[in-house]
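Numbering (this note's numbering), first residue to last: 96 to 231.
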């Protein structure tokens, strides 16, 4: 009997971040208005971290490994920086070696929200690919 390769135990994670400054008229994805001042984003992040704990951590405990992480949307770069930082930090803390060990960590960004502070945060947290959307 052959043992399955290590690649058989790897999986990709896609996370839909539904926040957008405005919804593009052609967009059919679920989105909500990005409210920078409210606690909606923090509650969203708390729910995602809990979902990660319930769905991904058991797979990691069984020896499976995340190969790629993709944050799409919506516009993940429209999340307030503290919320995005908490999200990326929670993922990094659960993955052995952190996000830097993954083959790809992508975050979709709108050029208008891709500030130097955001780009610094993404680099520091292990994001190695940005997908810039120019639709809006």
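For every residue, glycine included, the Cβ atom is placed at its ideal position computed from N, Cα and C.
Beta-ladder partner(s) of residue i, from DSSP
i           : result
residue 203 : 226
residue 114 : 127
residue 165 : 109, 201
residue 160 : 105
Between the CA atoms of residue j and residue i - distance to the nearest angstrom
i           : j           : result
residue 216 : residue 169 : 19 Å
residue 186 : residue 141 : 12 Å
residue 108 : residue 165 : 6 Å
residue 189 : residue 119 : 34 Å
residue 181 : residue 123 : 28 Å
residue 193 : residue 121 : 36 Å
residue 147 : residue 210 : 27 Å
residue 219 : residue 184 : 10 Å
residue 226 : residue 149 : 28 Å
residue 153 : residue 134 : 29 Å
residue 191 : residue 224 : 20 Å
residue 199 : residue 161 : 10 Å
Other residues of its chain near residue i: CB distance less than 7 Å, five sequence neighbours each side excluded
i           : result
residue 229 : 206
residue 158 : 104
residue 113 : 125, 126, 127, 168, 169
residue 176 : 212, 213, 216
residue 137 : 178
residue 143 : 110, 182
Assigned exposure category for residue i - 16 Cβ within 10 Å defines buried
i           : result
residue 117 : exposed
residue 197 : buried
Bounding residues of the alpha helix (DSSP H) (the contiguous stretch that carries residue i)
i           : result
residue 151 : From DSSP, residue 151 is part of no alpha helix (DSSP H); its letter is neither H nor E.
residue 185 : 176 to 189
residue 213 : 211 to 220
Spatial neighbours of residue i in its chain, beta-carbon cut-off 6 Å, leaving aside the 5 residues before and after
i           : result
residue 171 : 112, 202, 203
Own chain, CB closer than 8 Å to residue i, minus 5 neighbours either side, in chain order
i           : result
residue 208 : 116, 170, 172, 173
residue 163 : 107, 108, 197, 198, 199, 200, 201
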